[in-house]
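The next block holds one structure in the form of structure tokens; read it before the comments.
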Amino acid sequence: MRLSNMHLKTLREVPNEAEIPSHILLLRTGMIRKLVSGVYGFMPLGWRSLRKIEEIIRQEMDRAGGQEIHMSAVQPAELWEESGRWYAYGPELWRLKDRNGRDFCLGPTHEEIFTDIIRSDVSSYRQLPLNLYQIQTKYRDEARPRFGLMRSREFIMKDAYSFDKDQAGLDKSYEEMYEAYEKIFTRCGLTFRPVEADTGAIGGSNSHEFTALSEVGESEIAYCEKCQMAATVERAACVDAPAFSETELPMEEVHTPGTKTIEEVADFLGIKQEETIKALLFVTYDEEGKENGYVAAFVRGDRELNMTKLINALKIPEHSIEFADEEKMGDATGCVGGFTGPTKLHDCTIVVDSELPGLKNLCAGACKVDHHLKNVNYGRDYKADIITDIKTLKAGDPCPVCGAPIKHARGIEVGQVFKLGTKYSESMGATYKDENQQDQLIVMGCYGIGVTRTLAAVVEQHHDENGIIWPMSVAPYHVIITVMKENDETQMELAERISGELEAAGVEVLLDDRKERPGVKFKDADLLGIPVRITVGRGAADGMIEYKLRRDADKEEISAEEGVQRAI
Ligand code: ATP
Ligand code: MG
Ligand code: MG
Ligand code: MG
0 MRLSNMHLKT LREVPNEAEI PSHILLLRTG MIRKLVSGVY GFMPLGWRSL
50 RKIEEIIRQE MDRAGGQEIH MSAVQPAELW EESGRWYAYG PELWRLKDRN
100 GRDFCLGPTH EEIFTDIIRS DVSSYRQLPL NLYQIQTKYR DEARPRFGLM
150 RSREFIMKDA YSFDKDQAGL DKSYEEMYEA YEKIFTRCGL TFRPVEADTG
200 AIGGSNSHEF TALSEVGESE IAYCEKCQMA ATVERAACVD APAFSETELP
250 MEEVHTPGTK TIEEVADFLG IKQEETIKAL LFVTYDEEGK ENGYVAAFVR
300 GDRELNMTKL INALKIPEHS IEFADEEKMG DATGCVGGFT GPTKLHDCTI
350 VVDSELPGLK NLCAGACKVD HHLKNVNYGR DYKADIITDI KTLKAGDPCP
400 VCGAPIKHAR GIEVGQVFKL GTKYSESMGA TYKDENQQDQ LIVMGCYGIG
450 VTRTLAAVVE QHHDENGIIW PMSVAPYHVI ITVMKENDET QMELAERISG
500 ELEAAGVEVL LDDRKERPGV KFKDADLLGI PVRITVGRGA ADGMIEYKLR
550 RDADKEEISA EEGVQRAI
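Every letter in the sequence shown is one number past the one before it in numbering that gives the first Met the number 0, and letter 548, counting from 1, is 547.
Printed below as a string of structure tokens:
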């Protein structure tokens, strides 16, 4: 491609509203063009990079068993009424009416649409599992569209939906998507961290956000280098259970008749309260991942502060809580008891006060009247989503899992994976017949990647004061050939020969043959960030060129042949 023919308009000045590097650089390079607030178009170079990201996503999604389809962005309100989200979604939902007054929205996401497809197309267990995805334009009327592609009102998203027979199938689908996401973001050249994410009403350890590390990111994450805990700060949680340690004692169920206070329980259990008893509240889940109860918890310290916050954090209806005898509890302890359904310790949400140190040898309710469990340990005895949003975790606070000081980072949420369970199949009636001709709810997962936001995240992580430094995988072109004097025949001939040889080998080449001063061309080459720069100048007569990588300061004088070899 000759730059002299390309529709390219770089900018020296960008509007003041562009505050962060990716926004500034994508505008300066003319890769994106603003139409109105939060709505952008893509010019040739920007579109090329975007398509490369899409292609990486497609390849990895297909490899993981996904099948691409393409649905409309226009969605009828009826489906949203069925799922209950037409009213719940709020002003971010971009609503519109047709000429007959029928309600529609521009899709911010497509759970309803995909569930609708599946409920009409799938009837037998033989058709499952399935994973369908699309790469498509989404609309969210964001309260504060800003930072260019980072938070826009129209953006491109890859959204995938998995449909399985049961929870075990969903777990597998989720795992596959998680792994595909790791490959996708790695191939895009991003430094990122998967972290446990808020699952809103669904709960459980059922969602991860993929966060590209960046100071300008709007997500805040907390992570621990000792035990691998990594989560958004609001919901610091555990990615991997810590390994069994010597300090973990065997779990025991103990009969503790008549105990009401933490001291009484501690006495019964023969444990030193200060060492072993931590604030704990377990919410329990059934096989399908639905909340079905909670297990007794003990809280040490300021009871009111802890208990109220714990209960609020878990959104437990107040009437379902039985407080133990307040009088007897004294000022140092509290106790919440009771459970509303069959419980198991294995998949639960725990709220801990972030000021408390690591969770080791805990005391918990045993889901059995007048019984407690002693030496309950995370990872070995239960898996959990550990929430510390009672207080936002700050850098240096003890890790809720192991007690080591946690680290803090900012990042950009480039993707999220989510176990939906039967939320949509239940409200919208998506079922299949199992081997025994019984109707069963389809178990779903959903998986989003912000394609346009990923482009911005790449620029955020790969730039310097002179411009973008594209990773090869998503660069709009691989090589830029800068011709010093475009009216010098020898130089042009050599440049064209190199360009032809590279293109024949599949290398994408931009040939800067514009009638501009060399200084302008070099500045633009730096700004555009094409990974390899070949300069054809005076040495052309001897078949020599200058070879330079955008990311390095050094340049080298080498023969054109060697230049071609290196660039292939
Ligand atoms: P955020 O927390 O940033 O508002 P979200 O959690 O609401 O994002 P999801 O519903 O998880 O977003 O959508 C999937 C992906 O779509 C996100 O991980 C993000 O990469 C992208 N995305 C969401 N909202 C926007 C937006 N306004 N502009 C660009 N990309 C977006
Ligand atoms: Mg959002
Ligand atoms: Mg989010
Ligand atoms: Mg999200």
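The beta-carbon is built from N, C-alpha and C at its ideal position, and this holds for glycine as well.
For Gln564, count the other beta carbons within 10 Å of its own beta carbon; 16 or more makes it buried, fewer makes it exposed. Which is it?
The residue is exposed, with fewer than 16 neighbouring Cβ atoms inside 10 Å.
Quick check on this structure: which residue in Leu493, Ile544, Pro43, Cys226 has the alpha carbon closest to the alpha carbon of Pro397?
Closest by alpha carbon: Cys226.
Helix, strand or coil: which one does DSSP assign to Arg452?
Residue state, collapsed to three classes: helix.
Between the CA atoms of Met156 and Phe209 - distance to the nearest angstrom:
Cα-Cα distance, rounded: 14 Å.
Pick from Glu492, Gly188, Leu526: whose alpha carbon is nearest that of Arg27?
The shortest Cα separation from Arg27 among Glu492, Gly188, Leu526 belongs to Leu526.
Below 7 Å, is the gap between the Cβ of Pro178 and the nearest heavy atom of ligand 3?
In the sequence on display, residue 178 carries Glu and not Pro. Using a cutoff of 7 Å, the CB of Glu178 does not count as near ligand 3, since none of the ligand's heavy atoms is closer than that.
Which value, in whole angstroms, describes the spacing of the CA atoms of Glu59 and Glu53?
Glu59 and Glu53: Cα-Cα distance of roughly 10 Å.
Is the beta carbon of Ile460 less than 8 Å from the beta carbon of Thr231?
Contrary to the premise, residue 460 reads as Gln rather than Ile in this sequence. Judged by beta-carbon spacing, Thr231 lies beyond the 8 Å limit of Gln460, meaning their Cβ atoms are not closer than that value.
Rounded C-alpha distance that separates Ile529 from Gly449
Ile529 and Gly449 have their C-alpha atoms some 23 Å from each other.
Tell me which same chain residues have a C-beta within less than 6 Å of the C-beta of Lys547, skipping the five on either side of it?
Here the set comprises Arg532, Lys554.
Cα separation between Leu280 and Ala403?
The predicted model places Leu280 with a pLDDT of 43, which falls under 50 and marks its position as unreliable, so this point remains unresolved.
Around the C-beta of Leu493, are 16 or more other C-beta atoms found within 10 angstroms, so that it is buried, or is it exposed?
When all chains shown are included, Leu493 counts as buried.
Work out the CA separation of Ile31 and Pro517 for me, nearest whole Å.
About 25 Å.
What separation, rounded to the nearest whole angstrom, lies between the Cα atoms of Pro144 and Glu219?
Between the alpha carbons of Pro144 and Glu219 lies a distance of about 19 Å.
Straight-line Cα distance separating Met176 from Ala72
CA-to-CA, the gap between Ala72 and Met176 works out to about 23 Å.
Could you check how far apart the C-beta atoms of Gly216 and Ile411 are, in whole angstroms? I think they sit under 8 Å.
With 8 Å as the limit, Gly216 and Ile411 qualify as a contact, their Cβ atoms being about 4 Å apart.
Own chain, CB closer than 7 Å to Met5, minus 5 neighbours either side, in chain order:
Contacts found: Pro43.
Ligand 3 and Glu412: does any heavy atom of the ligand fall closer than 7 Å to the residue's C-beta?
Answer for Glu412: yes, Cβ within range of ligand 3.
Using only the alpha-carbon positions, how far apart do Arg1 and Lys514 sit?
Looking at the two C-alpha atoms, the distance is approximately 12 Å.
Identify the residues that DSSP records as bridge partners of Trp93: which are they?
Residue pairing for Trp93: DSSP places it in a beta bridge opposite Leu105.
Is Gly216 near ligand 1, in the sense that its beta carbon is under 7 Å from a heavy atom of that ligand?
Not so, every heavy atom of ligand 1 lies at least 7 Å from the Cβ.
Using 8 Å as the threshold, is the C-beta distance between Phe417 and Ser172 below it?
At least 8 Å separates the beta-carbon of Phe417 from that of Ser172.
List, from N- to C-terminal side, the beta strand (DSSP E) runs of 3 residues or more that fit wholly inside the stretch 453 to 516.
Correct list: 478 to 482, 508 to 511.
From which residue to which residue does the beta strand (DSSP E) around Asp158 run?
First-last of the beta strand (DSSP E) with Asp158: 153 to 163.
Which whole-angstrom value is the C-beta distance of His254 and Asp369, which I expect to be below 8 Å?
Indeed, because the Cβ distance is near 6 Å, the residues count as touching under 8 Å.
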